[in-house]
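First comes the structure, then the notes that go with it.
Residue numbers (the numbering used here), protein chains in the order written: chain P, 5 to 174; chain H, -18 to 394.
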């Protein structure tokens, strides 16, 4: 079923576009936020804050093709701000641990090691890993989101994987 | 460590459960954004953006389930939610119905928007501050002279959207919208009056429950004169409700608002005066209420015709009458006091108004200094509202020098 509302004014049209953008990306926003903070409440707070920030600055977006990049950037910056402000308090959901319970003991060990390695990364490194491997983004997209040259993203990625002792060739 | 460990983590990432509260938080973010933008715009003396949501939000609610906290309830009135199509109503002689039996419904939202050439009205429903899944059993009918659509919502106990009626006036085809008296407390009825003949389509939608009325100008429609067999005009109240109820078994009455905001029951609408008169004669044998035939065309507002008024001279010659109201300056009026309707007379005194009740023969005097008077007038009659600390009285009478006289002694707003 399609039921696109065509608003009378430009403002309404813009609002529609914004809501579609949020609608399409909301799960992604939540998952990325959750990957940073590892608990539901904080992840929801981050999403809410990001949606708020996005709403009040949406009119500044010039080209529609950059919307997703822009929105993801807001979410990531909001997540990192949140972590920096709440660095001393780490609250991990039980579900985060339960998520792993479906795996065999051997896998569980391996995953725990990767997770530990992931937690030791800087926020920038972690962001690149999340976007590249979990969100399957291209390096170019990541570079746009982080507003960095592709070469820097590439170097950071390989250095990060090396630090995590992950060999992609295997 | 190998690449697979990372892929395992991706599986975990993909499996992150999306909480039902996500919608609520997103809505809250959007609402905060809107408030901020409105504030900014106010500061900049720009037009305030009108809050309006879209299908995108509605779809989100549908796919992720509707589970809202009470803090979210306030949004229900502000944002229209478009559900999934259940059916497009088929009309037969201007009548149709839909929905399924439910109870405890609040008609919580009413709004207007444009889409694909249609000016649409959307009606939303909720229960306990949560959007309702399915529309309650409802009936809808379209009538002419004046052009109206009357909704009857079964299982509805409240109508919080009434506060937002003015939103409908944005719709270019809507002239007025008003609730009508319903003696059944598990039903709410309201009338949307159009400012011309309209082509309409009505959709029932679910998840969340919504009714959408699409409106277009009916350009080909030729206006017709009609003869309305109707009652006199009354205040919104039980008198009107009982009157309608006494007619409902044999007729298909509709309640309409007249030019002065009073209400009447239209028993039927006929193409010729002869037919209407014939029906009037028939009815007069069995009904104890004064009826009349009114000629109307198109959007013409029905006249405010208040119950027959006794001539002043008769009163003065009445030997039993020994009240102040027998005075020549008494005006015969219809009075509505706290929902009770009666006939009587009002006399203008130098220091106050004296109201005589024809039924219990009692007279009550109201000093000008203790009351507030508000006037509204139609073509043929006037309405005077008398407000005191503990009472609210509406007086309706035929147009005369009443206000001219009254103006000599006090101020009428």
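Every residue gets a Cβ at the ideal spot worked out from N, C-alpha and C, and that includes glycine. What you are looking at is a predicted structure, and each value in this text was computed from that prediction instead of being measured.
Asked: Buried or exposed by the 16-neighbour rule on C-beta atoms within 10 Å, applied to residue 117 of chain H; Found: buried
Asked: Below-8 angstroms beta-carbon distance, residue 69 of chain P vs any chain H residue; Found: no
Asked: Inter-stretch contact (C-beta, 8 angstroms, three-pair minimum) for the stretch 158 to 172 of chain H and the stretch 129 to 149 of chain H; Found: yes
Asked: Rounded straight-line distance, which links the Cα of residue 149 of chain H to that of residue 75 of chain H; Found: 21 angstroms
Asked: Neighbour flag for residue 39 of chain P against chain B, beta carbons, 8 angstroms; Found: The structure shown contains no chain B; its protein chains are P and H.
Asked: 7 angstroms CB neighbourhood of residue 47 of chain P in its chain, flanking five on each side removed; Found: 34, 37, 38 and 41
Asked: Residue 346 of chain H at chain P interface by Cβ criterion, 8 angstroms; Found: no
Asked: Neighbour-count burial assignment, residue 20 of chain P, 16 or more Cβ in a 10 Å radius; Found: buried
Asked: Within chain P, the residues that residue 10 of chain H reaches when beta carbons sit closer than 9 angstroms; Found: 26, 51, 52, 53, 54, 55, 56, 57, 58 and 59
Asked: Every unbroken alpha helix (DSSP H) inside the stretch 319 to 343 of chain H [4 residues or more]; Found: none
Asked: Residue 44 of chain P: contacting residues in chain H (beta-carbon distance under 9 angstroms); Found: -2, 0 and 2
Asked: Chain H contact residues for residue 31 of chain P, given Cβ-Cβ distances below 7 angstroms; Found: -1
Asked: CB contact check: residue 77 of chain P to chain H, cutoff 8 angstroms; Found: no
Asked: Reduced DSSP secondary structure (H/G/I, E/B, other) of residue 59 of chain P; Found: helix
Asked: Within chain H, partners of residue 35 of chain P - CB distance below 9 angstroms; Found: -6, -5, -3 and -1
Asked: Any C-beta of chain H under 8 angstroms from that of residue 163 of chain P; Found: no
Asked: With 16 other Cβ atoms within 10 Å as the buried cut-off, status of residue 44 of chain P; Found: buried
Asked: Chain P contact for residue 19 of chain H (CB, 8 angstroms cutoff); Found: no
Asked: Minimum length 4: unbroken alpha helix (DSSP H) runs contained in the stretch 216 to 284 of chain H; Found: 219 to 229 and 254 to 267
Asked: Contact the stretch 119 to 126 of chain H vs the stretch 198 to 217 of chain H: 3+ CB pairs below 8 angstroms; Found: yes
Asked: Backbone CA spacing between residue 260 of chain H and residue 267 of chain H [nearest angstrom]; Found: 11 angstroms
Asked: Unbroken alpha helix (DSSP H) run spanning residue 128 of chain H, endpoints; Found: Run containing residue 128 of chain H: none; DSSP gives neither H nor E here.
Asked: Residue 21 of chain H, buried or exposed, once every other Cβ within 10 Å from all chains shown has been counted against 16; Found: exposed
Asked: Residue closest to residue 481 of chain H, alpha-carbon to alpha-carbon, out of H/393, H/176 and H/167; Found: An answer regarding residue 481 of chain H cannot be provided, because it is not within the stretch -18 to 394 covered by chain H.
Asked: Within-8 angstroms CB hit, residue 42 of chain H to chain P; Found: Note that residue 42 of chain H scores 42 on pLDDT, short of 50, meaning its location in the model is unreliable; the coordinates nonetheless yield the value given after this. False, the Cβ-Cβ gap to chain P never drops below 8 angstroms.
Asked: Proximity to residue 169 of chain P [Cα-Cα], best of P/141, P/154, P/119 and P/139; Found: P/119
Asked: Buried versus exposed call for residue 10 of chain H [16 or more other C-beta atoms within 10 Å across all chains shown]; Found: buried
Asked: With 16 other Cβ atoms within 10 Å as the buried cut-off, status of residue 82 of chain H; Found: exposed
Asked: Status (buried if at least 16 other CB within 10 Å, exposed otherwise) for residue 89 of chain H; Found: buried
Asked: Where residue 31 of chain P sits in the DSSP three-state scheme; Found: helix
Asked: Chain-ordered chain H contacts of residue 48 of chain P [CB-CB under 8 angstroms]; Found: 0, 2, 3 and 6
Asked: Residue range of the unbroken beta strand (DSSP E) whose run includes residue 86 of chain P; Found: Note, residue 86 of chain P: premise wrong, no beta strand (DSSP E); alpha helix (DSSP H) at 71 to 89.
Asked: 8 angstroms Cβ cutoff met for residue 244 of chain H and residue 214 of chain H; Found: yes
Asked: Which of helix, strand or coil DSSP assigns to residue 353 of chain H; Found: strand
Asked: Touching by the beta-carbon criterion (3+ pairs, under 8 angstroms), the stretch 175 to 189 of chain H and the stretch 236 to 252 of chain H; Found: no
Asked: Cutoff 6 angstroms; reference residue 247 of chain H; Cβ partners in own chain excluding five residues on either side; Found: 209, 211, 235 and 237
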